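Right, one structure below, let's go through it.
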Amino acid sequence: MSPRLRFAPDEGHDGRPWRSGPVRTAMLAVWLAFVVFPPVNAITSRNDGARYWLAIGGALLFSLLYAWLVLIWADLRGGAKEIGISITLALIALGLTLEVNSNWGYLFTYVAACAALTTPSAFGFPTVLACAAVGTGAALAAGGHGGSIGIGASTLGVGLLLTLMRDLRQRNAELSRARAELARTAVAAERERFARDLHDLLGHSLSVIAIKAELAGRLLPDAPDRAASEVADLETVARSALREVRDAVSGYRRPTLEGELEGARMALAAAGIIAAIEHATDSLSPEVEAVLAWAVREGATNVIRHSGARHCEVRVHGGTGEVEVEILDDGRGVGEAARCGNGLEGLRERATAVRGRLEAGAGTSGGFRLAVSVPLTAAEAAP
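Mapping of the sequence shown onto our numbering: residues 171 to 553, in sequence order.
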């Protein structure tokens with residue numbers, strides 16, 4: 171038997187096909203065991219003459235088609251061939267019941283089971299009802315008044331049971347696909363977060379390292395002591411960057427506003443930019459403080475890299491139900507700042523995650539203005 175042939179339902183609770191193993195073997199054995207009953211009943215029946223051979227021929231054909239349908243279910247779910255075989259099984263069962271004996275109405279139980287698992291879901295229940303009605307009617311027409319109710323009840327019961335089993339299999343498959351999609355979404359979101367964190371971390375730190383290294387190189391011929399101090403600061407910044415990257419990789423890092431303000435003051439001074447920093451807010455929730463801290467870092471990095479400014483103001487102040495970080499410089503303005511799109515986009519995503527907003531554009535007196543506002547209750551309001 172080909173390893174691709176398997177009985178439906180062909181997926182376990184984890185959505186993977188039962189292509190091999192004891193489960194598949196046991197299910198096939200149970201369903202194929204019913205193949206022997208129609209031929210045995212035909213051979214041991216008390217019919218004689220043409221009816222006897224008609225019963226044997228019909229039973230053998232019925233069993234062969236039934237066995238074939240069981241084996242090809244997995245590859246032809248809901249296909250036209252399966253539906254055609256089910257209709258043929260129903261016609262054989264009807265012919266045997268009407269022409270040979272009313273007791274052959276029990277074959278409609280087989281037909282209902284096959285139809286429940288091969289008919290499209292929308293037509294499963296009506297098809298089962300139709301099988302039960304035809305089986306009961308055929309038994310009555312053949313004179314089996316006493317057994318017709320039993321045939322109808324068993325056909326309806328087996329068909330409904332298999333319909334529910336098929337529905338459960340489909341729901342399990344849908345849940346498995348949903349779990350897989352959620353896992354892929356979570357991985358993509360984590361990749362974006364990690365890329366954003368590394369950009370913000372390394373962009374700022376490497377900018378400071380480059381500026382201090384350049385400054386130390388200029389000071390080295392005439393002021394070696396000051397150059398040594400800058401190199402020492404460079405080492406401190408490099409070690410801090412390494413620690414921050416390790417923390418980001420571990421997923422534990424959450425920057426503080428005070429720390430980023432002090433880092434911005436040091437970085438701006440090293441770049442020869444006069445910084446004025448105002449900080450007039452009370453204690454903030456960790457989520458709000460983290461977004462503001464990233465805003466300070468991104469804004470200071472952009473001023474150092476792109477603005478060509480001589481002065482920079484960093485203001486942190488609270489308003490009605492919100493707190494805002496505002497960074498203004500007197501540099502080249504929007505044209506140069508537009509080159510920092512990736513960092514600003516990442517910062518916008520952080521602000522949006524806590525229902526905040528980002529504004530970036532020309533300042534009122536020239537230069538560039540970056541402002542990030544976050545509700546004070548963002549940690550509670552965020553979904």
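For every residue, glycine included, the Cβ atom is placed at its ideal position computed from N, Cα and C.
Since this is a predicted model, take the numbers as computed values, not measurements.
Given a cut-off of 8 Å, decide if residue j and residue i are closer than it, judged by their beta-carbon atoms.
i	j	result
A263	F232	yes
A302	G322	yes
E494	V542	yes
P208	A237	no
R539	G526	no
T279	T214	no
G329	A282	yes
I444	V473	no
E492	V544	yes
A446	V378	no
P425	A460	yes
T289	I319	no
A470	A434	yes
Can you look up residue i in the DSSP assignment and give me helix, strand or coil?
i	result
S453	coil
V270	coil
V524	coil
G536	strand
L246	Caution is warranted here: a pLDDT of 46 is assigned to L246, below 50, making its placement in the model unreliable, and no coordinate value can be reported.
D392	coil
P290	coil
I497	strand
I444	strand
S215	coil
P545	strand
G488	strand
G329	helix
A530	strand
In angstroms with no decimal places, state the Cα-to-Cα distance between residue i and residue j.
i	j	result
T297	A343	23 Å
A450	V486	6 Å
W274	R349	46 Å
F293	T333	10 Å
G219	L310	24 Å
D395	R388	12 Å
L287	R216	34 Å
S455	L546	8 Å
R339	R409	55 Å
V415	L368	7 Å
I226	V270	10 Å
E550	V524	Unreliable positioning characterises E550 in this predicted model, as indicated by a pLDDT of 42, which lies under 50. The coordinate reading is nonetheless provided below. E550 and V524: Cα-Cα distance of roughly 9 Å.
L205	A212	Leu is not the amino acid found at residue 205; the sequence shown has Val there. Each residue's alpha carbon lies about 12 Å from the other.
E405	L412	11 Å
L462	D392	40 Å
Y556	S291	Residue 556 falls outside the range modelled here, since the chain spans only 171 to 553, and no answer is possible.
G317	G265	17 Å
So, under 8 Å CB-CB, residue i and residue j are touching, yes? Tell me the CB distance rounded to an integer number of Å.
i	j	result
V255	L235	According to the sequence provided, residue 255 is Ile. The question's Val does not apply to it. About 5 Å; that satisfies the 8 Å criterion.
A308	T258	Contact doesn't hold; Cβ gap of about 16 Å is too wide.
R467	E430	5 Å
A312	S272	4 Å
Q) Is the number of C-beta pairs between the stretch 514–523 and the stretch 493–502 that are closer than 8 Å three or more? A) Segments in contact, no.
Q | Cβ pair count under 8 Å reaching 3, the stretch 398–406 against the stretch 363–376 | A | A contact between stretches requires three or more CB pairs, one per stretch, nearer than 8 Å, and the stretch 398–406 fails this requirement with the stretch 363–376.
Q) Are the stretch 351–368 and the stretch 383–393 touching by the rule of at least three beta carbon pairs closer than 8 Å? A) Too few Cβ pairs lie closer than 8 Å, so no.
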